[in-house]
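Student:
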Amino acid sequence: MKRFKIAIAAVASAALLLAGCGGEPAGPSSDFDPNAPVTLDLAFWGNDTRAGFYKNAIAKFNEKYPKITVNSTFLPFPEFWEKRQIEAAGRDLPDVMQFDYAYLRQYSQNKLLLDLKPYLGKYIKTDGFTESTLGIGVVNGVTTALPIGTNAWAMFTNTALLTKSGAGAYTGATSWDEYATWMGSVSKAGGGSVWGGTDPTGRIQNFEISLRANGKNLFDDAGAAQFTKAELAEFWGKGAQVRGTGATIPTKRLLEVAPKSGFGAGLTTSELTWDNFGAGYAGDLGADASGLALSAPPVTKAGAKDLYLKPSMLHAIAANSEHPEASALLVDFLLNSQEAGAVFGTNRGLPASSTHLAGVKLDPLSQKILDYETSIKDRLGAAPPVPVVGYGSIEEKFRQLGEELGLGTVTVEQAVDQFFSEMDTILKK
Amino acid sequence: MTTVEHVQPGHGTAEITARDAPPARRRGRRRGLATTIVWYLMLLVLAAIVLYPLVWLFFATLKPSSEFGRNSGLLPWEPTLDNYARVWDGIAGIPLWRYGLNSLIVASLAVVGTLASSALAGYAFARVSFKGSGILFAAMIGTLLLPFHVIIIPQYIIFNQLDLLDTYVPLLIGKFLGTEAFFVFLMVQFIRNIPRELDEAARIDGAGHPRIFWSIVVPLLRPALVTGGIFSFIWTWNDFLGPLIYLTSPENYTLPIALRLYNDTTSTSDYGATVAASLLSLIPVLLFFLIFQRMLIRGVATQGLKG
Chain A
1 MKRFKIAIAA
11 VASAALLLAG
21 CGGEPAGPSS
31 DFDPNAPVTL
41 DLAFWGNDTR
51 AGFYKNAIAK
61 FNEKYPKITV
71 NSTFLPFPEF
81 WEKRQIEAAG
91 RDLPDVMQFD
101 YAYLRQYSQN
111 KLLLDLKPYL
121 GKYIKTDGFT
131 ESTLGIGVVN
141 GVTTALPIGT
151 NAWAMFTNTA
161 LLTKSGAGAY
171 TGATSWDEYA
181 TWMGSVSKAG
191 GGSVWGGTDP
201 TGRIQNFEIS
211 LRANGKNLFD
221 DAGAAQFTKA
231 ELAEFWGKGA
241 QVRGTGATIP
251 TKRLLEVAPK
261 SGFGAGLTTS
271 ELTWDNFGAG
281 YAGDLGADAS
291 GLALSAPPVT
301 KAGAKDLYLK
311 PSMLHAIAAN
321 SEHPEASALL
331 VDFLLNSQEA
341 GAVFGTNRGL
351 PASSTHLAGV
361 KLDPLSQKIL
371 DYETSIKDRL
381 GAAPPVPVVG
391 YGSIEEKFRQ
401 LGEELGLGTV
411 TVEQAVDQFF
421 SEMDTILKK
Chain B
1 MTTVEHVQPG
11 HGTAEITARD
21 APPARRRGRR
31 RGLATTIVWY
41 LMLLVLAAIV
51 LYPLVWLFFA
61 TLKPSSEFGR
71 NSGLLPWEPT
81 LDNYARVWDG
91 IAGIPLWRYG
101 LNSLIVASLA
111 VVGTLASSAL
121 AGYAFARVSF
131 KGSGILFAAM
141 IGTLLLPFHV
151 IIIPQYIIFN
161 QLDLLDTYVP
171 LLIGKFLGTE
181 AFFVFLMVQF
191 IRNIPRELDE
201 AARIDGAGHP
211 RIFWSIVVPL
221 LRPALVTGGI
231 FSFIWTWNDF
241 LGPLIYLTSP
251 ENYTLPIALR
261 LYNDTTSTSD
271 YGATVAASLL
281 SLIPVLLFFL
291 IFQRMLIRGV
301 ATQGLKG
């Protein structure tokens, strides 16, 4: 099945290149009439709950524009992108799409997405956005997407589980060594059934923030890696040390509970991840979110701006859309309106548009996220360039190698070599 | 040994046989029984090993979602029927039976289309000699070697141009047009094993190709049709990629896609509902198999027979 998927991806991406040779779309037409009947296709990924939210939001949208019919379709994330890849090859993408940062560069470079610039202000209001959030979806100088919500890298701790095991809470923003020591103390108190956390060196984002602390990113604007083999080896070497002390949950145990994470399965008391994962954790744990706390990730270098706001998801319009103006109106409604805000809450991340946020009734967990993103203001730096094409595969390779390091099936040197050769292959495509 | 009763007394040897034989027989039966018990025990153990995943799946449907990943054992800690209730409610306002019905429609039509077209094509290749039949047969076998991925995108573009997306036509039309080379090949091989004398006899009585096909070949083809039907049903029922590519509206989705909708790793995954829905989606295939399995075995067995 996996080989099959890769094959599809390969064929689809080849066809994507071919499909890229389309004509330049014109700007909005001056004689657009919002009361003329049109039908739009809207595609998003998500679960049952989100599908219900979109349905309600579209109903609200139709109160304003009764003649614009919206047909929505949804799939889980991986299938969503498989289908989009094939549609892209046939230049038949849905008019309005919920979009992911990792695919933005690929689709933008292949000219599959509409240049939103001519629609900004007139059809899509921009007062709710800040300069930096408006700039998130700009690829090679062209605005091809706008962020729905933002998220930041964060540390989740399970306070309920910590209290039960009798270990102290994590204060947040300590040094990495102090974090490791704290994890060790929890694991000791947990006595082999609860651990302090998961080895942080298995996630590329932790490597990224340690690079950013030194003023670098994973990749520069041109898409070249900004780190050396030695830096990666040092990073993974540290992970081996921490694992050696037994402070983190054994990888074998993690594999047993997959697809849940150690944190979601209630086996670890902390995990570094995106700050909007709380609801998923609460669902996995079968508890309400009151037992979860958010704090800042460990600090690599004091005063460094190592964190950044990433779009949790974006909205984009297909270049092949026959109704770009109506699509822009729909995007505006989904991004900016208080009505949509009231419907979605923080289901799609903490809203990027302040007018959208104004409609959101914050639940306790969302309030925690908002408070967290406010609390790290001083650590927030400029967002890195839009991810390179194939970033998703690079991220996944990093995670797999982290897992293998945890199992002890590769040495750090082998893992570094494998990672670089895989990354070079992906970047050369 | 019932004859022993009728043996006249006085024939000593017979009497001895009659007296001795029953214990010997009983000993034999006891040995047989012991062996049988051992065999059955071994089979039970093997069956338990093979069935364990299915049994686990059944008990997992009774676990609340939060137990997944924490309780990997067989029995749920807090058994609940909630999963079934949620599955029954369906997804995005569409009840699960609707997806099941969609799957059933697609799979049944696929069976009809595949059998009708491949039987006809098989008959043509096996019995009708026409110009280029050799090349066409080779070309058909050649499509078996063609990887599916090569044709996905061209096919998608064609159906898109024909405005047939979000209908079941792209999923079924190929099956009605005999493009399933595997089944055509199955039929050809089977028909080749039917003695030609039967055709010739019918021909002498004045039957043409339609009559020979319908009255001679189809009745004899039954085992192959059943085998083909079962495979076609199970494959279409489980097909994921085709429906994923061609169906857009959630109300048209088939079961395998609906099953994936319970799992969204980017928000909240409902593991309990996933396993419950998986179990329910297994039932039709299981029933289909149980009903037709006798014929399936006969079909496969006849296939291996060389004439």
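The listed protein sequences correspond, in order, to chains A and B.
First residue of the first sequence? That's 1 in this note's numbering, and the numbers climb one at a time after it.
First residue of the second sequence? That's 1 in this note's numbering, and the numbers climb one at a time after it.
Virtual Cβ for every residue (Gly too), placed ideally from N, Cα, C.
Computed from a predicted model, the values in this text were never measured in an experiment.
Can you pull the chain D neighbours of N71 (chain A), defined as C-beta to C-beta under 8 Å?
Tutor: No chain D appears in the structure shown, which is made up of the protein chains A and B.
Student: Are the C-beta of P79 (chain B) and some C-beta of chain A separated by less than 9 Å?
Tutor: On the second sequence, residue 79 (chain B) is found 79 positions in, with the first residue counted as 1. It does not; no Cβ of chain A falls within 9 Å.
Student: Using the beta-carbon of each residue, which ones in chain A are nearer than 7 Å to F68 (chain B)?
Tutor: In the second sequence, residue 68 (chain B) corresponds to position 68, counting from 1. The answer, in chain order, is K260.
Student: Using the rule of at least 16 other Cβ atoms within 10 Å of the residue's Cβ for burial, across every protein chain shown, is I291 (chain B) buried or exposed?
Tutor: The sequence position of residue 291 (chain B) within the second sequence is 291, counting from 1. When all chains shown are included, I291 (chain B) counts as exposed.
Student: Just to confirm, are T248 (chain B) and L165 (chain B) a CB contact at a threshold of 9 Å?
Tutor: Sequence index remark: in the second sequence, residue 248 (chain B) carries index 248 (1-based). Sequence index remark: in the second sequence, residue 165 (chain B) carries index 165 (1-based). A contact, by the Cβ cut-off of 9 Å.
Student: Using a 10 Å radius around the Cβ and a threshold of 16 neighbouring Cβ atoms, would you call T61 (chain B) buried or exposed?
Tutor: If you number the second sequence from 1, residue 61 (chain B) lands on position 61. T61 (chain B) should be labelled buried.
Student: Are there 16 or more other CB atoms within 10 angstroms of the CB of E373 (chain A), so buried, or fewer, so exposed?
Tutor: The residue you call residue 373 (chain A) lines up with position 373 of the first sequence. Buried.
Student: Taking beta-carbon pairs under 9 Å, can you tell me which members of the stretch 227-261 of chain A lie near chain B?
Tutor: Within the stretch 227-261 of chain A, the residues whose Cβ lies closer than 9 Å to some Cβ of chain B are E256, V257, A258, P259, K260 and S261, listed in chain order.
Student: If I212 (chain B) and R203 (chain B) are in contact, beta carbons under 8 Å, what's the gap, nearest whole angstrom?
Tutor: Stepping through the second sequence from its first residue, residue 212 (chain B) is reached at position 212. Stepping through the second sequence from its first residue, residue 203 (chain B) is reached at position 203. Right, the Cβ-Cβ distance comes to about 7 Å (below 8 Å), so this counts as a contact.
Student: For I86 (chain A), go through chain B and note every residue whose CB falls closer than 7 Å to its CB, in chain order.
Tutor: As a working note, residue 86 (chain A) is residue 86 in the first sequence. In chain order: I152, I153, Y156 and I245.
Student: Are the C-beta atoms of K377 (chain A) and some chain B residue less than 9 Å apart?
Tutor: Counting from 1 along the first sequence, the entry for residue 377 (chain A) is found at position 377. Answer no: the Cβ-Cβ gap between K377 (chain A) and chain B never drops below 9 Å.
Student: Measuring alpha carbon to alpha carbon, tell me which residue in B:R294, B:A276, B:T179 and B:A85 is nearest F58 (chain B).
Tutor: Residue 58 (chain B) sits at position 58 when you count from the first residue of the second sequence. Answer by Cα proximity: B:A276.
Student: Take the Cβ of A201 (chain B) as the centre, count every other Cβ of all protein chains shown within 10 Å, and call the residue buried at 16 or more, exposed below.
Tutor: Here residue 201 (chain B) is taken as the residue at index 201 of the second sequence, counted from 1. With fewer than 16 other Cβ atoms within 10 Å, it is exposed.
Student: Can you find a C-beta in chain B that's less than 9 Å from the C-beta of T425 (chain A)?
Tutor: Indexing the first sequence from 1 puts residue 425 (chain A) at position 425. Not one chain B Cβ lies under 9 Å of T425 (chain A).
Student: Quick one: any contact between the stretch 130-139 of chain A and the stretch 328-346 of chain A, if contact means 3 or more CB pairs under 8 Å?
Tutor: Flag = no, the stretch 130-139 of chain A and the stretch 328-346 of chain A do not touch.
Student: Report all residues from its chain with a CB closer than 8 Å to the CB of A24 (chain B); omit the five preceding and five following residues, and keep chain order.
Tutor: In the second sequence, residue 24 (chain B) corresponds to position 24, counting from 1. At A24 (chain B), the pLDDT of 48 sits below 50, so the modelled position is not reliable and the matter cannot be decided from this model.
Student: Hey, how far is the Cα of L120 (chain B) from the Cα of L104 (chain B)?
Tutor: Taking the first residue of the second sequence as 1, we reach residue 120 (chain B) at position 120. Taking the first residue of the second sequence as 1, we reach residue 104 (chain B) at position 104. Going by the C-alpha atoms only, they are around 24 Å apart.
Student: Since N151 (chain A) sits in a beta bridge, which residues does DSSP pair it with?
Tutor: The sequence position of residue 151 (chain A) within the first sequence is 151, counting from 1. Answer by DSSP bridge pairing, in chain order: A:K310.
Student: Spell out whether any CB of chain A is found under 9 Å from the CB atom of I270 (chain B).
Tutor: Here residue 270 (chain B) refers to the residue found at position 270 when the second sequence is read from its first residue. Checking the sequence shown, residue 270 (chain B) turns out to be Asp, not Ile. Yes, contact with chain A.
Student: Around the Cβ of F233 (chain B), are there at least 16 other Cβ atoms within 10 angstroms (buried) or fewer (exposed)?
Tutor: Locating residue 233 (chain B) in the second sequence gives position 233, counting from the first residue. Classification of F233 (chain B): buried, given that the 10 Å Cβ count is 16 or more.
Student: Is the Cβ of K429 (chain A) closer than 9 Å to any Cβ of chain B?
Tutor: Within the first sequence, numbered from 1, the residue matching residue 429 (chain A) stands at position 429. No, K429 (chain A) lies away from the interface with chain B (no Cβ there is under 9 Å from its Cβ).
Student: Can you check DSSP and say which residues form a bridge with L114 (chain A)?
Tutor: Within the first sequence, numbered from 1, the residue matching residue 114 (chain A) stands at position 114. Per DSSP, none; premise fails for L114 (chain A).
Student: Using the three-state DSSP reduction, which class does T411 (chain A) fall into: helix, strand or coil?
Tutor: For the purposes of this step, residue 411 (chain A) is identified with residue 411 of the first sequence, where counting begins at 1. In the structure shown, T411 (chain A) sits in coil (DSSP, three-state: anything other than H, G, I, E or B).
Student: So, helix, strand or coil for G197 (chain A), using DSSP?
Tutor: Reading the first sequence from its first residue, position 197 is the one you call residue 197 (chain A). Strand, per DSSP.
Student: Checking the sheet assignment: what are the DSSP bridge partners for T73 (chain A)?
Tutor: Within the first sequence, the letter at position 73 stands for residue 73 (chain A). Bridge partners of T73 (chain A): A:A43.
Student: Check each residue of the stretch 94-107 of chain B: if its Cβ is closer than 8 Å to any Cβ of chain A, include it; give the result in chain order.
Tutor: Listed by position along the chain: nothing, the set is empty.
Student: Compare the C-beta of L292 (chain A) with all C-beta atoms of chain B and state if any pair is closer than 9 Å.
Tutor: In the first sequence, residue 292 (chain A) corresponds to position 292, counting from 1. Closer than 9 Å: no.
Student: For F240 (chain B), tell me which candidate among B:I230, B:L259 and B:V226 has the shortest Cα-Cα distance.
Tutor: Counting from one through the second sequence, the residue named residue 240 (chain B) turns up at place 240. Of B:I230, B:L259 and B:V226, the residue nearest in Cα terms is B:L259.
Student: Is the CB of L267 (chain A) under 9 Å away from at least one CB in chain B?
Tutor: To locate residue 267 (chain A), count along the first sequence from 1; it is residue 267. For L267 (chain A), the answer is yes, since a Cβ of chain B falls inside 9 Å of its Cβ.
Student: Taking the alpha-carbon positions, what's the E422 (chain A) to G402 (chain A) distance?
Tutor: Sequence index remark: in the first sequence, residue 422 (chain A) carries index 422 (1-based). Sequence index remark: in the first sequence, residue 402 (chain A) carries index 402 (1-based). In a straight line, the C-alpha of E422 (chain A) is about 14 Å away from that of G402 (chain A).
Student: At the level of alpha carbons, what is the spacing between A225 (chain A) and M313 (chain A)?
Tutor: Position 225 of the first sequence, counting from 1, holds the residue named residue 225 (chain A). Position 313 of the first sequence, counting from 1, holds the residue named residue 313 (chain A). In a straight line, the C-alpha of A225 (chain A) is about 24 Å away from that of M313 (chain A).
Student: Does any C-beta atom of chain A lie closer than 9 Å to the C-beta of A92 (chain B)?
Tutor: Here residue 92 (chain B) corresponds to residue number 92 of the second sequence, with the count starting at 1. Closer than 9 Å: yes.
Student: Under 8 Å between beta-carbons, which chain B residues line up against L285 (chain A)? List them in chain order, please.
Tutor: Along the first sequence, one-based indexing puts residue 285 (chain A) at 285. The answer, in chain order, is S66.
Student: Considering only C-alpha positions, which residue in the set A:E87, A:G408, A:F398 and A:A328 is nearest to D417 (chain A)?
Tutor: Within the first sequence, the letter at position 417 stands for residue 417 (chain A). Among A:E87, A:G408, A:F398 and A:A328, the Cα nearest to that of D417 (chain A) belongs to A:F398.
Student: With a threshold of 9 Å between beta-carbons, can E422 (chain A) be considered close to chain B, or not?
Tutor: As a first step, residue 422 (chain A) is located in the first sequence; it is residue number 422 there, counting from the start. Answer no: the Cβ-Cβ gap between E422 (chain A) and chain B never drops below 9 Å.
Student: I'd like to know whether the C-beta of N263 (chain B) is nearer than 9 Å to at least one C-beta of chain A.
Tutor: Position 263 of the second sequence, counting from 1, holds the residue named residue 263 (chain B). Output row for N263 (chain B): interface = yes.
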